[in-house]
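>
Numbering (this note's numbering), first residue to last: 1 to 176.
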């Protein structure tokens, strides 16, 4: 079986069902009276996020290893935009069962979702500490990552060791 890996400069196709355009009529924010679809769904944020993440992380991401996490992350960004829209439209406070004001349920949902987003970003190397752990280059253009520096030192050490062995071998053969 041959597995075709994506080219380094190519963005893999988004997973089937990631696009929200097809589901825009079912969205609770769709205008039922005018039959206008949800504008957030029409922007297809999940697919746009997929493209952005793969473009930014193409040097270290793997479709086989990171694909499912990135899919969840893209869906989470889309859901986050919808929750923020709900808070913007309704405000952070809503009427409770007894007539008083209570926090909008989207506030709690948004906090939980943002924690998950942060976790998934970290798993994929999109924050400084986890990126450094994975050897992702963060810094000035042309600057080498810690992993690249380590590999370079190791290569130089092996080359030096190989050169020492060769010179010892030549001295030994010269004595004989």
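Glycine included, each C-beta is placed from N, C-alpha and C at the ideal position.
Identify whether residue 17 lies in helix, strand or coil by the three-state DSSP scheme.
Correct three-state label for residue 17: coil.
> Return the chain-ordered list of same chain residues with a C-beta closer than 8 Å to the C-beta of residue 73, the five sequence neighbours on each side being excluded.
Only 49, 53, 117, 120, 121 and 124 meet the Cβ criterion.
> Span of the alpha helix (DSSP H) holding residue 129?
Here the alpha helix (DSSP H) through residue 129 covers 128 to 134.
> From 28, 41, 99 and 82, pick the residue whose C-alpha is nearest to that of residue 110; which is it?
Comparing Cα-Cα distances from residue 110 to each of 28, 41, 99 and 82, the minimum goes to 82.
> Can you name the residues that DSSP bridges to residue 89?
According to DSSP, residue 89 bridges with nothing at all.
> On the DSSP letters alone, give me the boundaries of the alpha helix (DSSP H) that residue 112 sits inside.
Unbroken alpha helix (DSSP H) run through residue 112: 105 to 123.
> Hey, how far is the Cα of residue 151 from the Cα of residue 132?
Near 15 Å, if we compare the C-alpha coordinates of residue 132 and residue 151.
> Helix, strand or coil, according to DSSP, for residue 70 in the structure here?
It is helical.
> With a threshold of 16 other CB atoms inside 10 Å of the CB of residue 78, please say whether the residue is buried or exposed.
Answer is buried; the Cβ neighbour count reaches 16.
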